[in-house]
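Residue numbers (my numbering), protein chains in the order written: chain D, 1 to 276; chain A, 277 to 458. Heads up, the beta-carbon is just placed ideally off N, CA and C, and yes, glycines get one too. Model, not experiment: these values are computed from the prediction.
Shown next as structure tokens:
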């Protein structure tokens, strides 16, 4: 079975940061990459994130599966945008410099290419950071981090519970699917689509029943241990802040501030090199 | 804290885990990129009408965010929020159903499907594309096509899987007043 939240134990400076820091930096980073379309900032971000990736001692082959997925996602998104709106760049940058024309409305312009470049840069700046967060933060530290950044602990605990039970449910799903298929339920491509959906429900039913029972058992166990009696709780995996945590958070904050400032300077979310 | 709220938290946790497993491993790609035929919305619809709006919204939010994270492309917030909106909206109609007392007849099926279809319409045709435009500045026609096709696929799977699950669950629950004193 694939390990989903692919925590990889290595001895690196990134691993030593607390989970809360990594969560904050990841959120700030994706916020920064989301708000701005300033190419200069978007060009710096991938460089820093690739550097961080390098010092984390996570190897490319550890995450090649996820990278493959994400690159396909990025490619499809770009193709779809071009198909639906080949002149999106022209309408954003307000000028049109034609490179060559393909067919009808499908004209390649420098503006459109520039818009796609920005999109690709956005992906390249966030992907390494997200992968870093997933690979260097232990799932049980994740809930503690959520609580630390201000999420109520009951919600943080719900996230922790779901991370804890994902492998169990995965295994149960697999077992039930095999048992049902042994009884003659067709789930492969041979069955027509709607049949497959209906058969899917036949696997879901026992799975959901099991899970509802589980909800009873777990909540009884938690009540017996007086869950929710106090306003606060401590976490076993909570780490202490060091100076490197502060450095990391400052870096994240600086990036967000920079992208907001550039939005203000550019008078919008796009940096326009075409008006000169 | 009341015992009810412990159960709520556990329901959110387990529900999000189920949502994740279904969305991550039972995904059938649809012809339009970036959208999958998602069985998990059938589960979300069911959980929402049996546990209410808060559980529905948080299962959608946490489950969808975890799916996004596990693929490695970061969290696509606009769609995560749309999932939460769907769970919340369906959950708001919990008082109309007596599924926990074992009742889910023709009337229930009809109601459930009207509610889930309108919930999907609001989430994927209004909320998701608007947020996509606001947050990511993507072309209008593209985000609406994605929303429309995603919403349609979700509504169909919810109609089939969600309804079947609700019927099955209700049938397994002992009906209220099914015991008679003799």
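DSSP places residue 106 of chain D outside any alpha helix (DSSP H); the residue lies instead in the beta strand (DSSP E), whose first and last residues are 106-109. Residues of the segment 408-425 of chain A whose Cβ lies closer than 8 Å to any Cβ of chain D, in chain order: 411, 412, 413, 414, 415, 416, 417, 418, 421 and 422. Neighbours of residue 170 of chain D across chain A, judged by C-beta separation under 8 Å: 297 and 301.
Between the alpha carbons of residue 336 of chain A and residue 361 of chain A lies a distance of about 8 Å. Nearest neighbour of residue 29 of chain D by Cα position, chosen from D:11, D:49 and D:94, turns out to be D:49. The segment 369-404 of chain A contains, as complete alpha helix (DSSP H) runs of 4+ residues, the segments 382-396 (chain order). In the three-state reduction of the DSSP assignment, residue 185 of chain D falls in the coil class, being assigned neither a helical nor a strand state. For residue 356 of chain A, there are no C-beta contacts with chain D under 7 Å, since the nearest C-beta of that chain is about 12 Å from it. Here residue 8 of chain D carries a coil assignment [DSSP, helix/strand/coil].
In this structure, DSSP gives residue 317 of chain A a helical state, which the three-state scheme calls helix. In the DSSP assignment, residue 98 of chain D forms a beta bridge with D:109. One Cα belongs to residue 434 of chain A, the other to residue 296 of chain A, and the distance between them is close to 16 Å.
When Cβ-Cβ separations below 8 Å define contact, residue 403 of chain A makes no contact with chain D. Proximity of chain D to residue 289 of chain A at the Cβ level (cut-off 9 Å) is accounted for by 157, 158, 159, 160, 161, 162, 163, 164, 165, 215 and 218, in chain order. By the rule that beta-carbons nearer than 8 Å mark a contact, residue 375 of chain A does not touch chain D. Of all residues in the segment 122-133 of chain D, only 122, 123, 126, 127, 129, 130, 131 and 133 place a beta-carbon less than 9 Å from a beta-carbon of chain A. Uninterrupted alpha helix (DSSP H) stretches at least 4 residues long and entirely within the segment 148-226 of chain D occur at 153-182 and 193-224, given in chain order.
A Cβ-Cβ separation of about 6 Å places residue 348 of chain A in contact with residue 69 of chain D under the 8 Å criterion. With 16 or more neighbouring CB atoms inside 10 Å of its own CB, residue 32 of chain D falls in the buried class.
Inclusion of residue 239 of chain D and residue 137 of chain D in the CB contact set at 8 Å is not warranted, their separation being larger than that value. Contacts with chain A (Cβ-Cβ distance below 8 Å) from the segment 51-76 of chain D involve 63, 66, 67, 69, 70, 73, 74 and 76, listed in chain order. Collapsing the DSSP output to three states places residue 364 of chain A in a helix. Chain order gives no chain D residues near residue 361 of chain A, where near means a beta carbon separation below 7 Å; the closest approach is about 17 Å. From the beta-carbon of residue 116 of chain D, no residue of chain A is found nearer than 7 Å; the closest lies around 12 Å away. Proximity of residue 80 of chain D to chain A, defined by a Cβ-Cβ separation below 8 Å, is satisfied. Going by C-alpha positions, residue 414 of chain A is about 19 Å away from residue 267 of chain D. In the DSSP assignment, residue 103 of chain D is bridged to D:106.
Taking a Cβ-Cβ threshold of 8 Å, the residues of chain D close to residue 436 of chain A are 194, 197, 198 and 201, in chain order. In this structure, the beta-carbon distance from residue 255 of chain D to residue 34 of chain D does not fall below 8 Å. Per the DSSP secondary-structure output, residue 270 of chain D pairs in a beta bridge with D:37. Less than 8 Å separates the beta-carbon of residue 398 of chain A from that of residue 365 of chain A. Look at residue 34 of chain D: its C-beta is under 8 Å from a C-beta on chain A. Residue 289 of chain A places its beta carbon 8 Å or farther from that of residue 437 of chain A.
Between residue 363 of chain A and residue 320 of chain A, the CB-CB gap stays under 8 Å.
The shortest CA-to-CA distance from residue 419 of chain A to any of A:429, A:428, A:427 and A:408 is the one to A:408. By the C-beta criterion, the segment 123-142 of chain D is judged to be in contact with the segment 7-26 of chain D, since at least 3 inter-stretch pairs fall below 8 Å.
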